[in-house]
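These protein sequence lines are chains A and B, in that order. One point on numbering: in this note's numbering, the residue at position 68 of the first sequence is 68, and numbering is uninterrupted. One point on numbering: in this note's numbering, the residue at position 3 of the second sequence is 1003, and numbering is uninterrupted. C-beta: ideal position from N, C-alpha, C; glycine also.
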Amino acid sequence: MTASPWSPSAVALDRVAYRRARTRRSVGVAAVSTAAVTGVAVLALVSSPGWPRVRQSFFDAQVAWASLPRVAEGLWLNVRVMAFSAVAILVLALLLAVARTMRGPVFFPLRAAATAYVDVFRGLPLLLVLLLVGFGVPGLRLQGVPTNNVVLGGLALVLTYSAYVAEVFRAGIESVHPSQVAAARSLGLTHAQTLRTVVLPQAVRRVVPPLLNDLVALQKDSGLISILGAIDAVRAAQVQTAQYANFTPYVVAGVLFVMLTIPLTRLTDALARRSGWLGALGGVSGGGALR
Amino acid sequence: MTVPVLSVEGVRKSFGEHLVLDGVDLQVDEGQCVVLIGASGSGKSTLLRAVNLLEEVDDGVIRLEGEDITDPRRDANAIRARMGMVFQAYNLFPHMRVLDNVSLASRLVHKVPRAQAQEAAAAMLERVGLAEKARAFPDELSGGQQQRVAIARALVSAPRLMLLDEVTSALDPELVGEVLALLGELKAEGMTMIVATHEMSFARHVADEVCFLHDGRVHERGTPEQVLGDPAELRTQEFLRRLVQP
Chain A
1 MTASPWSPSA VALDRVAYRR ARTRRSVGVA AVSTAAVTGV AVLALVSSPG WPRVRQSFFD
61 AQVAWASLPR VAEGLWLNVR VMAFSAVAIL VLALLLAVAR TMRGPVFFPL RAAATAYVDV
121 FRGLPLLLVL LLVGFGVPGL RLQGVPTNNV VLGGLALVLT YSAYVAEVFR AGIESVHPSQ
181 VAAARSLGLT HAQTLRTVVL PQAVRRVVPP LLNDLVALQK DSGLISILGA IDAVRAAQVQ
241 TAQYANFTPY VVAGVLFVML TIPLTRLTDA LARRSGWLGA LGGVSGGGAL R
Chain B
1001 MTVPVLSVEG VRKSFGEHLV LDGVDLQVDE GQCVVLIGAS GSGKSTLLRA VNLLEEVDDG
1061 VIRLEGEDIT DPRRDANAIR ARMGMVFQAY NLFPHMRVLD NVSLASRLVH KVPRAQAQEA
1121 AAAMLERVGL AEKARAFPDE LSGGQQQRVA IARALVSAPR LMLLDEVTSA LDPELVGEVL
1181 ALLGELKAEG MTMIVATHEM SFARHVADEV CFLHDGRVHE RGTPEQVLGD PAELRTQEFL
1241 RRLVQP
């Protein structure tokens, strides 16, 4: 089928011209207001009585440059801890979520244990888990149990985060409509087959954006393993701060963390937008602002 | 005397205080098409779901080929695999391609090797006139096409009995015909089926028996000419009148 020849009518051209003018005006307003807000903020900062001192001790370019290699080296440890923990968290959390949906009296202990686990580790502050695992586990002096503070720090992250992520998975599992289960069971699939082939694939797709959100949080919280003495970015910045008697390395570490998380948050946003058409029931797609 | 494919004997089911099935009896013989009519909430869907063991009945017995399937000692999955159920809202699996939707039960329930299962699924899609949609995802199809896929998915396990729950109620009027035509063909091929529907012309032309359900009871049953043309019960007359002039 070929489209009939079309040239826009006067009304259509007028609408296009009007919208274009509106867009130009919006861009202008945004630029002016951004400049104004930034200007006021900078002015307030720079004119504050303590600014010269603060600039000297937090924004020293020389110290920043000198401390960068060490802090970056520390950050590499954060990235590795995060990557290994993330994999372990996903596996453990999925097992916990599935255990909580198991039916039948045989699985009662499993179901109860999973529920108790999630209750406990969602309630415990991460900092406490780190201290308890980091100093408590080596104290047991058990054969074959790791005493490396990086491994123990990662273990604490896995313990805490898998409780949260298990709840994300469970929410996804419960969001799959019962009619999907009915359709699968009506075909003769067992409970386990239904879970594996029908429920979980849809559930996991739906929870990808919140999972990435947790991954961003994990990336930052990997900095907490520094309290066990692991030389990560935070710890390295602390050392450098002491060496130069200047707080700039903290700012350097902060900037590096932000640079690491921005790509991940953008990816999360993009996937969340896409989920509008990822699942048939993926929710209302964003869409532009309506007049 | 031959054993009926399905017999429902005094089935009761309530959801909390609400009694949905109040002692329903039903018999479906080989190759028969029984049509259930009745207002929304009359118990048509619940009856079909109970037959498919998607709802547990409170009392009564349901027999499939003479065997009591409401006996909790029997393997419900194996029994469900002997029936094909089609739902009002299609309930296709949105994350699977059409071919995988249709071949899933063969692979997992009947343990047919993948290649063979897909071949059978492709043949079944051909049968419902959707061979070219095998690689599509369900949301790329029209409602009528999705419902035909759902019918193919139920048919691929060669069921002894098809249960069709208002399968055209969610469709646009111009798509209803293609699905009803397919059901008519199935009936002509000798499929045994129970159809809950509001399509009176389908009931008139295809059904061997029409059952009118009201408040969880079969109020009237008989040939389509009898029940639809000359209903004996006042409630049936009222129901049919409301259908004609809404």
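Simplified DSSP assignment, three categories, for residue i
i	result
A:M259	helix
A:M82	helix
A:V176	coil
B:E1238	helix
A:I227	helix
B:E1225	helix
B:E1185	helix
B:M1200	helix
A:F59	coil
A:A289	Here A:A289 scores only 46 on pLDDT, less than 50, and its place in the model is too uncertain to base an answer on.
B:L1021	strand
B:L1026	strand
B:D1068	strand
B:L1243	helix
B:S1169	coil
A:E73	helix
A:G282	Because the pLDDT at A:G282 is just 36, under 50, the model does not fix this residue reliably, and the point stays unresolved.
A:G188	coil
B:P1231	coil
A:W277	Here the model assigns A:W277 a pLDDT of 44, short of 50, so the residue's position is not dependable, and the following value carries that caveat. Reduced to three states, the DSSP call for A:W277 is helix.
B:G1031	coil
B:T1046	helix
B:E1055	coil
A:I53	Reading off the sequence, residue 53 of chain A comes out as Arg, not Ile. The answer is helix: DSSP assigns A:R53 an H, G or I state.
A:V299	Here chain A covers residues 1 to 291 and nothing more, so residue 299 of chain A does not appear.
A:R15	helix
A:R25	helix
A:V207	coil
B:V1156	coil
A:A272	helix
A:N246	coil
A:R20	helix
A:R196	helix
Those residues which DSSP pairs with residue i across a bridge
i	result
B:F1212	B:I1037 and B:E1220
B:I1062	B:V1008
B:M1162	B:G1084 and B:M1193
B:S1014	B:L1019
Among the options, nearest to residue i - alpha-carbon criterion
i	options	result
B:A1154	B:S1045, B:A1120, B:S1169 and B:L1171	B:A1120
B:V1109	A:V176, A:R19, A:R185 and A:R22	A:R185
B:K1013	B:V1003, B:V1024, B:S1007 and B:P1004	B:V1024
A:H177	A:S162, A:F169 and A:V198	A:V198
B:L1161	B:T1192, B:R1217 and B:G1216	B:T1192
B:G1190	B:D1208, B:A1196, B:L1053 and B:S1201	B:D1208
A:L211	A:R111, A:T194 and A:V91	A:V91
B:P1231	B:G1010, B:I1037, B:V1011 and B:L1006	B:I1037
B:Q1145	B:K1044, B:G1066, B:A1181 and B:P1113	B:A1181
A:I89	A:V63, A:N149, A:V165 and A:Q143	A:V165
B:S1157	B:M1083, B:R1063 and B:K1044	B:M1083
A:E297	A:I231, A:G254, A:R266 and A:T241	Only positions 1 to 291 of chain A appear in the structure, and residue 297 of chain A is not among them; the question remains open.
B:V1086	B:D1071, B:S1169 and B:L1240	B:S1169
B:I1079	B:N1101, B:N1052 and B:Q1147	B:N1052
B:S1136	B:G1041, B:V1210, B:N1101 and B:P1159	The question names Ser, yet the displayed sequence has Ala at residue 1136 of chain B. Of the candidates B:G1041, B:V1210, B:N1101 and B:P1159, the one whose C-alpha sits nearest the C-alpha of B:A1136 is B:N1101.
A:E167	A:V16, A:L94 and A:Q143	A:L94
A:V129	A:L159, A:A113, A:M102 and A:A116	A:L159
B:A1039	B:T1197, B:T1002, B:L1019 and B:M1124	B:T1197
A:G154	A:S4, A:Q219, A:R205 and A:S33	A:Q219
A:S162	A:G123, A:P146 and A:G188	A:G123
A:V252	A:R70, A:I225 and A:A112	A:R70
B:A1076	A:S67, A:P105 and A:H191	A:H191
A:A182	B:D1165, B:L1141 and B:V1034	B:D1165
Residue i: CB within 7 Å of a non-hydrogen atom of the ligand HEM
i	result
A:D214	The ligand HEM is absent from the structure shown, which contains no ligands of any kind.
Which full runs of the alpha helix (DSSP H) of 4+ residues lie inside the region 100–169 of chain A, going along the chain?
-> Taking only runs of at least 4 residues, the alpha helix (DSSP H) segments lying wholly in the region 100–169 of chain A are 108–123 and 126–131.
Where in the region 1076–1151 of chain B do unbroken runs of the alpha helix (DSSP H), each at least 4 residues long, occur, reported from the N-terminal end onward?
-> 1076–1080, 1098–1108 and 1114–1127
Any 3 or more C-beta pairs closer than 8 Å across the region 225–240 of chain A and the region 31–48 of chain A | Flag = no, the region 225–240 of chain A and the region 31–48 of chain A do not touch.
Counting pairs of Cβ atoms below 8 Å between the region 48–67 of chain A and the region 244–251 of chain A, do you hit three or more?
-> yes
Members of the region 169–192 of chain A near chain C, C-beta cut-off 7 Å | You won't find chain C in this structure, because its protein chains are A and B.
Answer yes if the region 1024–1035 of chain B comes into contact with the region 1002–1012 of chain B, meaning at least three C-beta pairs across the two stretches below 8 Å, and no otherwise.
-> yes
Report yes or no: do the region 1041–1049 of chain B and the region 1058–1068 of chain B share at least 3 C-beta pairs separated by less than 8 Å?
-> no
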